[in-house]
């Protein structure tokens, strides 16, 4: 067990496990959906930072 | 605000995290890294995470050498028994707080936090807190200022800062987008973010149809209530969260935040510049006067109060000054912030501020977050088309208006708008004129108690006057 300086909250810990399961599914679906869109010619914006794939820098 | 011990002043908001603390010595800001955090700090620097985050402007840069000697010498610590290193971070020109941000500013700060977390996870680290107060606007962009916010990621562990992220960012953004943009002010009451049960109760029922909000806020609040008396280890048992699951959680938060929208429309100032008493000539003349005077006094910091969408603050920014551009109207501030982003402006910070009740000092011992005035003074204050609102709408005697501006800084550029002006006439439409002192002579007399008049000029094509004053 790691020691934490903030109380993460028991409910907050548990709900993460649940959400991650749901979110995992929807992202898998979302990723396939965007692959499908790309295949049919809809291009996504290219990322300037080589480190990051799909996200734009916030604040720009 | 700082607490003084000998010559070193420890920052009053820097006490929760044992990893280290901020202190000031001879007016220079430092961050001590404690021994207990040595391993994590070394990992941040050696993993390449620090360099990557600094490169994209998501983390404040620092050096480990003493700026006063300039010879690469280590900096003297503030507490030798605890110290591992002392950092000299780049200083943010003005510390602002989430209850002073427009919707877009809070949203971009939230997205920056998630972007940092995602990048950290790629390099084996994770954010151990997600406080909105750790994000500051630097060069127009949200930047993490707490270098000690990272810890090694341990496979199987959920995100420790998840609750804090929801309270500090997601809850206020959802309330602003779905209920009322003014609910950002709840952050002023709840310093550790909006309690999720409160957010859940205030959000409209239709937010339960939003997958992100029903999970991260509504279900999250229910789970908190249900497991309130259970310890973390009892609650989770042997359950683990894979890294993929954690990344999915971060992505879910990012999509949820990204979809939240609020558009500035229909508020009192949104169409101000098109529906007022000005002619173009008056407007241009005012810009020239403000620009000339600011250059002449060489103001490095300027507070443009009642700035609307920031037009005159931009005149100040063009002279090279660091500008705070504040307005009471969240729509005007949102428009202003969008302009900053669009034009990639680096030295103008829009803020939501009610001058009749400016941000107070809040938090532990009333000293964790500074009041607006404590964050001054500015070299120059701009009060354009503002005095009539304070004096007439808010019944503040002119001498007290002058007193407030004098507390903001040494120089003042102020506009007097007479009762015959259409904007002032509007204020009298529904009320009695009890303001016999509100004349140009009365204004000059009241301000003369605090200020020396350096220069004044009638504004071309109008009945308005502009003054350059210096505090006595």
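Residue numbers (the working numbering), protein chains in the order written: chain A, 400 to 459; chain B, 62 to 533.
Ideal Cβ positions, reconstructed from N, Cα and C, are used throughout, including at glycine.
Output, in chain order, the set of chain A residues within a Cβ distance shorter than 9 angstroms of residue i.
| i | result |
| --- | --- |
| residue 86 of chain B | Under the 9 angstroms cutoff, chain A gives no residues; its nearest Cβ is about 25 angstroms from residue 86 of chain B. |
| residue 197 of chain B | What residue 197 of chain B touches in chain A: nothing, since even the nearest Cβ is about 12 angstroms away. |
| residue 112 of chain B | None at all; the shortest Cβ gap to chain A is about 11 angstroms. |
| residue 285 of chain B | 408, 409, 410, 411, 414 |
Keeping to the same chain, check which residues put their C-beta closer than 6 angstroms to that of residue i; ignore five residues upstream and five downstream.
| i | result |
| --- | --- |
| residue 330 of chain B | Low per-residue confidence applies at residue 330 of chain B: pLDDT is 49, beneath 50, and the placement is therefore not dependable enough to give any value. |
| residue 443 of chain A | Low per-residue confidence applies at residue 443 of chain A: pLDDT is 49, beneath 50, and the placement is therefore not dependable enough to give any value. |
| residue 336 of chain B | Unreliable positioning characterises residue 336 of chain B in this predicted model, as indicated by a pLDDT of 49, which lies under 50. The coordinate reading is nonetheless provided below. For residue 336 of chain B, where only same-chain residues beyond five positions count, there are no Cβ hits under 6 angstroms. |
| residue 406 of chain B | 201 |
| residue 508 of chain B | 463 |
| residue 377 of chain B | 355, 363, 384 |
So which residues on chain B does residue i lean against when the C-beta distance must stay under 7 angstroms?
| i | result |
| --- | --- |
| residue 412 of chain A | 219, 293, 296, 297 |
Under 8 angstroms Cβ to Cβ from residue i, same chain only, skipping five residues before and after it: list those, please.
| i | result |
| --- | --- |
| residue 105 of chain B | 111, 186, 208, 211 |
| residue 382 of chain B | 355, 360, 361, 362, 363, 408, 440, 441 |
| residue 122 of chain B | 115, 150, 151 |
| residue 415 of chain B | 389 |
| residue 240 of chain B | 263, 264, 265 |
| residue 173 of chain B | 119, 196, 202, 203, 204, 205 |
| residue 379 of chain B | 352 |
| residue 455 of chain B | 417 |
| residue 278 of chain B | 227, 231, 232, 235, 257, 260, 261, 264, 268 |
| residue 401 of chain A | Low local confidence applies: a pLDDT of 49 at residue 401 of chain A is under 50, so the model's placement there is unreliable, with the coordinate-based value given in what follows. Answer for residue 401 of chain A: no residue qualifies. |
| residue 311 of chain B | 175, 178, 179, 182, 220 |
| residue 426 of chain B | 73 |
Any idea which residues DSSP pairs residue i with across the strands?
| i | result |
| --- | --- |
| residue 526 of chain B | B/477, B/519 |
| residue 93 of chain B | B/82, B/147 |
| residue 211 of chain B | B/188 |
Suppose the cutoff is 7 angstroms on Cβ atoms and the five residues either side in sequence are ignored; what does the same chain contact list for residue i look like?
| i | result |
| --- | --- |
| residue 113 of chain B | 180 |
| residue 333 of chain B | Because the pLDDT of residue 333 of chain B is 49, which lies under 50, any placement of that residue in the model is unreliable, and the number read from its coordinates should be weighed accordingly. The residues are 369. |
| residue 515 of chain B | 529, 530, 531 |
| residue 221 of chain B | 189 |
Thinking C-beta only, is residue j closer than 9 angstroms to residue i?
| i | j | result |
| --- | --- | --- |
| residue 281 of chain B | residue 357 of chain B | no |
| residue 261 of chain B | residue 229 of chain B | no |
| residue 89 of chain B | residue 129 of chain B | yes |
| residue 94 of chain B | residue 79 of chain B | no |
| residue 74 of chain B | residue 429 of chain B | yes |
| residue 59 of chain B | residue 419 of chain A | Lying outside 62 to 533, the shown extent of chain B, residue 59 of chain B is not represented and no answer is given. |
| residue 387 of chain B | residue 411 of chain B | yes |
| residue 92 of chain B | residue 147 of chain B | yes |
| residue 475 of chain B | residue 519 of chain B | no |
| residue 127 of chain B | residue 340 of chain B | no |
| residue 125 of chain B | residue 86 of chain B | no |
| residue 452 of chain B | residue 499 of chain B | yes |
| residue 405 of chain A | residue 297 of chain B | no |
Determine the chain A residues that contact residue i at a beta-carbon separation under 7 angstroms, and present them in chain order.
| i | result |
| --- | --- |
| residue 224 of chain B | 407, 408, 411 |
| residue 300 of chain B | 416 |
| residue 288 of chain B | 409, 410, 413 |
| residue 107 of chain B | What residue 107 of chain B touches in chain A: nothing, since even the nearest Cβ is about 17 angstroms away. |
| residue 190 of chain B | 405 |
| residue 123 of chain B | Those within 7 angstroms of residue 123 of chain B in chain A number zero; the least Cβ separation is about 20 angstroms. |
Under 8 angstroms Cβ-Cβ, which residues of chain A neighbour residue i?
| i | result |
| --- | --- |
| residue 246 of chain B | By Cβ distance, chain A contributes nothing, its closest Cβ being about 23 angstroms from residue 246 of chain B, past 8 angstroms. |
Just by C-beta distance, which residues in the stretch 493-519 of chain B are closer than 8 angstroms to chain A?
none
When you check each C-beta in the stretch 71-101 of chain B against every C-beta of chain A, which residues fall closer than 9 angstroms?
77, 78, 79, 80
Within 8 angstroms of chain A by C-beta, residues of the stretch 259-279 of chain B in sequence order:
272, 276, 277
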